[in-house]
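Below: the structure, in structure tokens.
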Amino acid sequence: MTPVELLLISPPDYTTREFRGAQPLGIAYLASVLREYADIPCRIHDANVNGPQPFDDLVQETLAFVVASKTAGGRPVVGISAVSQMIHTATQLAEVVKATHPDTLIVLGGYHPTFAHREILRDFPAVDLCVRGEGELTLLEIMQRWQAAAPGLASDWSDIAGVTWRQGEEIVVNLSRANLSDLDAVPFPARDLLPPLDAYPPYADTVAGVMRRKASIMSSRGCPFHCNFCSIIAFYGEAGGKPWRGRSADNVVAEMVHLAETYGASHFEFQDDNFFVRPERALTIVETYAATGRDFSFAFLTRADQVVRGERFFPALRQAGLRYVSVGIESGSEASLERMVKQTGVETNRKALQILHDNDVAAQVEFIMFEPGSRLADLQENLQFIEQQGLFGYFPPLIFGSLLLLPGTPVREQIEQSSGVTGPVHDALSYEFSDPAVASVFDLMNRFQRRLGAEWYRLAFGLLDGIPANEIALQAADLNGESGMYQRLLAEQKLDFFALTRIPYAVMREALRAVAAGGNVPGQKLLDQAASQMQSIEQRLRATQAELDVRLLQ
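Written out as structure tokens, the structure reads:
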């Protein structure tokens, strides 16, 4: 057999400024299965670890792998995992590699290749195979087949479930592969192939007054709910299996112990699509780990109605170390929630936030301000909800969120069917708002991001990192009786952060007032005012931080 080697790539995401760094566990699971069951050498390249990697650098590293593998007598394989936002980068990389090394096998997997597998093979000849759905067993069989095939001969992939491939000019869609039935049987992700945890942002635990090494972990796969903007159900339902599967508590705890002992992790971010599907199981996991005596904190993602149904569990979760929950609020408008098929309501959203607040658990709010059916009244209700719930300080700003019509989402299919227009499959489907007032406000917020967004995010990220770090430094410092002075300076920073986060909301509020009164959006005036406010805030921040630095270094 010819030696083979696989490079798994998580491509850079150039579409957002909000990337904060999380380990790409999906491809780490692929690598662990290949090593465990076939002893196939793998490498992983995370092109987002320090922010999105420049494309030319990614190309050079990928080509260096291919050349080194071929020089050693191997047959290289490049596997790229991509969601829709990354698909253009993924296919461009495939084209560069194939142009210089046509004998390299290039495989794409992930959400976008699952939903657009035919179109990818039609539009991008450089891509040899698409893996649909869960990829562990499919990629294992691909690598074994590639290893056994004679160099220079085309491989026959017809009997490998979950693959879409070319046979001559024909695109062949093999049978779907059933989802893994026992997640406990999957080896832990190959984190030794990832950048070290210290390469990713730490978690500033201001409750305990420590900086924690953060690790991502997945205790389950899927979600049993059917929000029409989400493709999770379609991804895991590709083979008709269960929409949600969980690992046993013992298996999850064993991985947490491994992360603590091997990598020094003490903050766990559960990357499950929905960690709180079974609250009893969630509590068992964290309480079992707490019983080991280790100091830790954790966070997870869930829905508002599940927070409400699981209210009685939150005191114990908080006692175990829960610090924040990413909760899908999505909207403060009943009409909008109904269009999204959230199967929840505004009052449930309010109650969920109150439950988290009452238990001293922070909320990271997921919110969709604009969606295809939005009316002016929906925007007004959304902004009123944000004001009433005190969500101005949440980051990123809730009002920038717009619904993306991505492949695999029911809402995209509905709009394409109703309009008779099929959008470009490799991009989010564009749409026009039926309410001209909504369109004008949406345009203004896009102008805000184009003109002021980079500067706004720079200031906000600096404060997001700086304020917790200052708090922890102050807790550890010998203040020599000057704690009042330090606390005043820190309070000034927090006030400036609050003022900064309110700026885009103030812009939107004034725009809504103008259009509700029958006028036009005074965009230039509002943006000029925002720019002036940001300049003043930055000047104060520099002065405050300089004074803090001087005093902390004394």
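Position 3, counted from 1, in the sequence shown is what the working numbering calls -5; the numbers after and before it change by one each time, with no gaps.
The beta-carbon is built from N, C-alpha and C at its ideal position, and this holds for glycine as well.
Just so we're clear, the structure is a prediction, and the values are computed from it rather than from any experiment.
- Here residue 524 is exposed. Its C-beta has fewer than 16 other C-beta atoms within 10 Å.
- The alpha-carbon separation between residue 196 and residue 458 amounts to approximately 10 Å.
- Straight-line spacing of the CA atoms in residue 189 and residue 41 works out to 10 Å.
- Under the DSSP definition of a beta bridge, residue 236 partners with 214.
- Contact between the region -3 to 4 and the region 27 to 41 is present: 3 or more CB-CB pairs across the two stretches fall below 8 Å.
- Excluding sequence positions up to five before and after residue 143, its CB lies within less than 7 Å of the CB of -6, 67, all in the same chain and listed in chain order.
- When secondary structure is reduced to three states using DSSP, residue 197 falls in the strand class.
- Our two residues, residue 259 and residue 428, have alpha carbons roughly 46 Å apart in a direct line.
- Secondary-structure assignment with DSSP links residue 297 through no beta bridge to anything.
- Assignment of residue 68 by DSSP, reduced to helix, strand and coil, places it in the strand class.
- Using a Cβ distance threshold of 9 Å, residue 351 and residue 314 count as a contacting pair.
- A distance below 7 Å between beta-carbons, with the five flanking residues on each side excluded, links residue 186 to the following residues of its chain, in chain order: 15, 20, 36, 38.
- In this chain, residue 334 is not harboured by any beta strand (DSSP E), its DSSP state being neither H nor E.
- Looking at the backbone, the Cα of residue 215 and that of residue 65 are separated by about 44 Å.
- Scanning 500, 125, 420, 166 for the CA closest to the CA of residue 378 turns up 500.
- Runs of the alpha helix (DSSP H) spanning 4 or more residues and lying entirely within the region 468 to 528 occur at 475 to 508, in chain order.
- Shown here, residue 422 sits in coil according to DSSP, grouped into three states, outside any helix or strand.
- Of all alpha-carbon atoms in 439, 497, 282, 226, the one lying nearest the alpha-carbon of residue 386 is that of 497.
- The alpha carbon of residue 268 has as its nearest neighbour, out of 301, 139, 424, the alpha carbon of 301.
- Straight through space, the alpha carbons of residue 318 and residue 294 are spaced by roughly 6 Å.
- Rounded to whole angstroms, the separation of the alpha carbons of residue 239 and residue 29 is 20 Å.
- CA-CA distance, residue 150 to residue 156, rounds to 9 Å.
- With fewer than 16 other CB atoms across the displayed protein chains lying within 10 angstroms of its CB, residue 167 is exposed.
- Between residue 252 and residue 288, the C-beta gap is smaller than 9 Å, which places the two residues in contact.
- The Cβ atoms of residue 361 and residue 392 sit closer than 9 Å to each other.
- Residues 211, 277 of the same chain have their beta carbon placed closer than 6 Å to that of residue 244, with the five preceding and five following residues left out of the count.
- In this structure residue 208 does not touch residue 272 by the C-beta definition: roughly 23 Å separates them, more than the 8 Å allowed.
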